[in-house]
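Chemist: Each protein sequence line maps, in turn, to chains A and B.
Going by the numbering used here, the first sequence opens with residue -17, and the numbers climb by one from there.
Going by the numbering used here, the second sequence opens with residue 1460, and the numbers climb by one from there.
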Amino acid sequence: LAKTTQPISMDSYEGQEVNITCSHNNIATNDYITWYQQFPSQGPRFIIQGYKTKVTNEVASLFIPADRKSSTLSLPRVSLSDTAVYYCLVGGYSNASKIIFGSGTRLSIQP
Amino acid sequence: DAGITQSPRYKITETGRQVTLMCHQTWSHSYMFWYRQDLGHGLRLIYYSAAADITDKGEVPDGYVVSRSKTENFPLTLESATRSQTSVYFCASKHGGQGAHEQYFGPGTRLTVT
C-alpha cells in the first residue's frame, strides 16, 4: 500500500508561502498524487493532482521529484481562509481499494 | 440541483438497528465511493463502485453493505449498527476518464449510534 506521511500540523502567517510535504515511499508506477483541502464539517475539496515534475493551477503548485517518493504542495500567499486540513492521497483507480487518505496536515494561518 | 447530495445529514440510531445512508450524484460519474471519518482522523474507504452493478471493498468494509443498481445512486447500509460505527460518512464520485483523479465529495452524514 502506498501509505503517506505528512506533518501533523503547521503554522504560518497571512501573505506567506506555505509548503506541505508528503512522503510516499511505496508509490506504484501508475499511482497519481492528489491533494485535498477540508474545512470543519465539510467534505474534502480537490486542490491539485500530478504524476511527476511540477503542476500549477490557480490555487496551488505541486512539486514531485524524479523518484516520486515525496511531493510538496505549495500554497502561495496564504490567507486566513486557507486554515484547514490538507490531505495527500496516492493511488490509481485501476485498484481503488488501495487508495489511502493519510491523517492530513492541520494548517493554521495567523494574521 | 447539480452535484452530489447525501441524506440524511444527521441520524441517531440505536445499536442493532439497520440504517441506510443515501448518496445521489447528477453528473453520471462512473465511480462512487463511501468513506468514514472518525473524530479527529482522516478518511477511510469503506466501499467503492466503478460502475452500476460493480462494487468492491475498501479498507474497512466489515458491517456495511452497498448496492448500485443505478449510476446516480450509491446507498450504504449498516446491517446492524454498532457504537463503533458512530462517525461522519462521506460519499464521493469521479468520472472514469484516464488520468482523472478528482473526487467530488458530498456534505457528509453525521451518524450517532447509541
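We treat Cβ as the ideally placed atom computed from N, Cα and C, and that holds for glycine.
With a CB to CB cut of under 6 Å and the five nearest residues on each side skipped, what residues in its chain are close to R1569(B)?
Modeler: Taken in chain order, the residues that qualify are Y1469, V1547.
Chemist: Helix, strand or coil: which one does DSSP assign to R1527(B)?
Modeler: The answer is coil: DSSP assigns R1527(B) none of H, G, I, E or B.
Chemist: Tell me which same chain residues have a C-beta within less than 6 Å of the C-beta of F45(A), skipping the five on either side of it?
Modeler: Excluding residues within five positions, the ones whose Cβ falls inside 6 Å are K36, T54.
Chemist: Give the residues of chain B in contact with Y69(A), contact being defined as C-beta atoms less than 9 Å apart.
Modeler: Per Cβ cutoff of 9 Å: G1501, L1502.
Chemist: Just to confirm, are S90(A) and S(-9)(A) a CB contact at a threshold of 8 Å?
Modeler: Yes, the pair counts as a contact, with Cβ atoms nearer than the cut-off.
Chemist: Pull the bridge partners of Q1496(B) from the DSSP assignment, please.
Modeler: Q1496(B) is bridged to L1502(B), V1547(B).
Chemist: Please check if any C-beta of chain B sits within less than 8 Å of the C-beta of Q19(A).
Modeler: No, because no Cβ of chain B sits closer than 8 Å to the Cβ of Q19(A).
Chemist: Looking at C-alpha atoms only, which residue of V1525(B), P1520(B), R1503(B), V1519(B) is the closest neighbour of I1513(B)?
Modeler: Out of V1525(B), P1520(B), R1503(B), V1519(B), V1525(B) has the C-alpha closest to the C-alpha of I1513(B).
Chemist: Report the CB separation of G1517(B) from L1537(B) in whole angstroms; it is logged as a contact under 8 Å.
Modeler: Going by Cβ atoms, the distance from G1517(B) to L1537(B) rounds to 15 Å, so no, they are not a contact pair.
Chemist: Closer than 8 Å is the cut-off here; do at least three beta carbon pairs connect the segment 11 to 22 of chain A with the segment 66 to 76 of chain A?
Modeler: Yes: the two stretches touch, three or more of their Cβ pairs being nearer than 8 Å.
Chemist: So, does the CB of S5(A) fall closer than 8 Å to a CB anywhere in chain B?
Modeler: No, because no Cβ of chain B sits closer than 8 Å to the Cβ of S5(A).
Chemist: Going by C-alpha distance, which of D1497(B), S1552(B), I1463(B), Y1490(B) is nearest S1543(B)?
Modeler: Measuring from the Cα of S1543(B), the nearest candidate turns out to be D1497(B).
Chemist: Residues of chain B with CB closer than 7 Å to the CB of S43(A), please, in chain order.
Modeler: Here the premise fails: no neighbours, minimum Cβ distance about 17 Å.
Chemist: Determine the chain A residues that contact F1564(B) at a beta-carbon separation under 9 Å, and present them in chain order.
Modeler: What F1564(B) touches in chain A: Y18, Q20, Q24, G25, P26, R27, F28.
Chemist: Excluding sequence positions up to five away, which residues of its chain have a Cβ less than 7 Å from the Cβ of F83(A)?
Modeler: Answer for F83(A): Y69, L71, listed in chain order.
Chemist: Using alpha carbons as the reference points, say which of I30(A), S(-6)(A), N8(A), P(-11)(A) lies closest to S43(A).
Modeler: Measuring from the Cα of S43(A), the nearest candidate turns out to be I30(A).
Chemist: By a C-beta neighbour count over all protein chains shown, 10 Å radius and 16 as the cutoff for buried, is V41(A) buried or exposed?
Modeler: The residue is exposed, with fewer than 16 neighbouring Cβ atoms inside 10 Å.
Chemist: Taking the beta strand (DSSP E) that D(-7)(A) falls in, what are its first and last residues?
Modeler: Where D(-7)(A) is concerned, the enclosing beta strand (DSSP E) stretches over -9 to -5.
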